[in-house]
Amino acid sequence: MSAFIDALDAYRRRHPDEVATVVEFAELARDEGADPYRRERLEGHFTASAWLVSADGRRALLTHHRKLDRWLQPGGHADGDRDLARAALREAEEESGLRDLVVEAELFDLDRHWIPERGAEPGHWHYDVRFVVRATGDETFVVGEESHDLAWRDVADIVADLASDKSLKRMAGKWMARTGSL
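Counting from -4, one number per residue, gives the positions in the sequence shown under the numbering used here.
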């Protein structure tokens, strides 16, 4: 856990405007109750996502999420894996069919969001830890069962699109600032 707390602290130093979010994530990581890396913890649990960028860094691969019916980044439950970077990479591979992906160890973004009730599963919080994952080979994706569709989108278009999910816009803005595109 201390490595994750250290990563959160480094994230807080890079993004001082997100201190409240970092505190929420650190509190969950330190919770000694039910395992926060398992989806069975219905008060809230960690998920891992990928800001999946093309080799040239100009595009991000988005999924039209089947359950949520929105365009989002690939990601999913940690399923007990405490290495959230590895979980993000696994989700990116599973949801895109891409191989030759490389994940960065540094936290890229944090987002706490509500998942509405669905069937027998009650509504709950996702504490989503996002990592940059870069395509280094063939960028031809395969649409899997969790998605209606996948699409490479220009990062600048995500920032400009008024209909984009606010956390997607935030990640696109962070990416553009990091790559000097702003």
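The C-beta atom is built at its ideal place from N, Cα and C for all residues, glycine as well. None of the values given here were measured: they were computed from a predicted structure.
- When you compare only the Cα positions, how much space is there between W170 and V150? 8 Å
Which of helix, strand or coil DSSP assigns to A29: coil
| task | Could you pull the start and end residues of the beta strand (DSSP E) that G168 belongs to? | result | Not the beta strand (DSSP E): G168 falls in the alpha helix (DSSP H), residues K161 to T174.
Whose C-beta lies closer than 6 Å to the C-beta of A82 among residues of the same chain, with five residues either side of it excluded?
A43, A73 and D76
- Item | Close Cβ partners of E112 (< 6 Å) along its chain, the five nearest in sequence each way excluded | G118
Checklist line | Residue from E101, E134, D64 and K62 whose Cα sits closest to the Cα of A87 | finding: E134
Starting from the C-beta of R125, find all residues in its chain whose C-beta is less than 8 Å away, skip the five residues before and the five after it, and write them out in chain order. A43, S44, A45, W46, Q68, G70, A83, L102, F103, D104, L105, D106 and M166
- request: Grab the span of the beta strand (DSSP E) containing F103 for me, first residue to last.
  value: L96 to I110
>> Is it buried or exposed, A130, if we count other Cβ atoms within 10 angstroms and call 16 or more buried?
In response: buried
Item to check | DSSP state of L63 mapped onto helix, strand, coil | outcome: coil
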